[in-house]
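Novice: Numbering (this note's numbering), first residue to last: 73 to 552.
In structure tokens form, the structure reads like this:
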């Protein structure tokens, strides 16, 4: 079995095996005509259930053959221009190359003696991101597994900086369309979901700062502690960006930690046209960024950034076998001192390879393209009497629903839209997401692929309308 260990004696086998895998994936990418085959759980599960994991195939070529049947053939391919569903981006080649390198070398980014240059590369990228945000010379941060972990760590720091042992008195303020991880974090931090005060949004799905000011004042009057305000720069459902300068003013007035969840909107940090939409982010105490959303990086690649590096001490624990205190005195940089994780992949290498190959302007150009595409899509929807579109996009998300001319029952319209989404997914011709606006069901395009064209959007809208009309026709037949 030693023949499968990657080392000096198996380097050639490694080259052949990885090349074989790359060629197969490349072939799939080159020939994929739809984002999905439409396979069902019931059709695919038996094939995977039938595999006996205690009887290995011994040969990686045979394993790849099997993988074709249980994964590659039916995978959902985000690179396809008609994948329009969630915050999944097509990835850039330099980052995929970085993924191959980091997996093979397998550095662990917790301590210097497990990563060496990897530690310094990650720190350089954190500094680069902080400069883009404008957090100042005392800023720091660390890579994380994703936005949920970044938000959790930021709120942990905010809880500790609130300097009270009376957790029941702590309150977090976030808009009613903020990410679910805010409430999840509150629960994990011992505060309970009730600690999150939901602030209403305006017509554009942005936090209403008048309502925020009112709730902050009420918090103080009730003897509670305003622990943090979470402003969102790119909500998951609408791509909306909260009014960051006004929120920063209120946080300063009430002495409240300001966290900006820019997991989606962080692509604007590299934008050549729309960077001003993030004005005010530089006043945050902490920021979440997900490079694997709008920087076109493979999952996972995320970071939490802080204005004051000293606040990261709240995540520090010294273990004698790993990062004893003497290492601080010896100025040995250990990233585990800042992280909620111990063993951690060198995900920063993917962004490093991307910046060193394409530059920030290259990333920004791609993100600007999808933002412009969303503008075109909004015009198509706004001019099409078959659809109701919710808000003009700030980033690259469109929320809408099909409105049949002859049907006025909102519940029936809901069912038609749900059916259309399900039927479209089953066909594999395109994939769209869904959400609720109030009590009603809507559909959602999340546009993160610069290869998607306005013609793709128009074609998918026609498919949606066709499926919805089919459902309504069958519904009328059943009723008669």
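All C-beta atoms, glycine included, are put in the ideal place defined by N, C-alpha and C.
Our contact map puts residue 224 next to residue 260 with C-beta atoms below 8 Å; I'd like the distance itself, whole angstroms only.
Specialist: Indeed they touch by this definition, with Cβ atoms about 6 Å apart.
Novice: Unbroken beta strand (DSSP E) runs of length 3 or more, entirely within the segment 303-377: which are they?
Specialist: Fully enclosed beta strand (DSSP E) runs of 3 or longer: 329-334 and 358-362.
Novice: Using only the alpha-carbon positions, how far apart do residue 334 and residue 258 sit?
Specialist: The straight-line gap from Cα to Cα measures roughly 18 Å.
Novice: Pull up the DSSP beta-bridge partners for residue 517, would you.
Specialist: For residue 517, which the question treats as bridged, DSSP gives the partners 470.
Novice: Identify the residues that DSSP records as bridge partners of residue 507: which are they?
Specialist: 514, per the DSSP bridge assignment.
Novice: Helix, strand or coil for residue 88 per DSSP?
Specialist: Three-state result, residue 88: helix.
Novice: Suppose the cutoff is 7 Å on Cβ atoms and the five residues either side in sequence are ignored; what does the same chain contact list for residue 537 look like?
Specialist: The answer, listed in chain order, is 458 and 474.
Novice: Return the chain-ordered ranges of every alpha helix (DSSP H) run that is complete within the segment 208-267 and spans a minimum of 4 residues.
Specialist: As far as the segment 208-267 is concerned, its whole alpha helix (DSSP H) runs of at least 4 residues are 219-233 and 253-260.
Novice: Can you name the start and end residues of the alpha helix (DSSP H) that residue 113 belongs to?
Specialist: Note, residue 113: alpha helix (DSSP H), 113-121.
Novice: Please report the Cβ distance between residue 436 and residue 342, rounded to the nearest whole angstrom; I am assuming they are in contact, meaning their Cβ atoms lie under 8 Å.
Specialist: About 4 Å separates the two Cβ atoms, so the contact holds.
Novice: Using 9 Å as the threshold, is the C-beta distance between residue 64 and residue 338 below it?
Specialist: The chain is shown from 73 up to 552; residue 64 falls before or after that span and cannot be answered.
Novice: Using the Cβ count rule (16 or more neighbours within 10 Å means buried), how would you classify residue 389?
Specialist: Per the 10 Å Cβ criterion, exposed.
Novice: What three-state label does DSSP hand residue 552 in the structure shown?
Specialist: Low confidence applies here, because residue 552 scores a pLDDT of 49, under 50, leaving its location unreliable and the question unanswered by this model.
Novice: Could you have a look at residue 150 and say whether DSSP puts it in helix, strand or coil?
Specialist: Coil, per DSSP.
Novice: Rounded to the nearest angstrom, what separates residue 158 and residue 471 at their Cα positions?
Specialist: Whole-angstrom Cα-Cα distance: 12 Å.
Novice: For residue 464, tell me which candidate among 408, 313 and 501 has the shortest Cα-Cα distance.
Specialist: Closest option to residue 464, Cα to Cα, is 313.
Novice: How far does the beta strand (DSSP E) with residue 459 in it extend, from its first residue to its last?
Specialist: 459-461 is the extent of the beta strand (DSSP E) around residue 459.
Novice: If you follow the alpha helix (DSSP H) that residue 491 is in, where does it begin and where does it stop?
Specialist: Residues 482-499.
Novice: Please determine if the segment 280-291 and the segment 407-425 are in contact, where contact requires at least 3 C-beta pairs separated by less than 8 Å.
Specialist: These segments do not touch.
Novice: By the three-class DSSP mapping on this structure, what secondary structure does residue 156 have?
Specialist: Note: residue 156 maps to strand in three-state DSSP.
Novice: Would you kindly check if the distance between the Cβ of residue 306 and the Cβ of residue 336 is under 9 Å?
Specialist: Closer than 9 Å, so yes.
Novice: Measure how close the beta-carbons of residue 242 and residue 267 come, nearest whole angstrom, since I'm counting them as under 8 Å.
Specialist: Yes, residue 242 and residue 267 are in contact; Cβ-Cβ is about 6 Å, under 8 Å.
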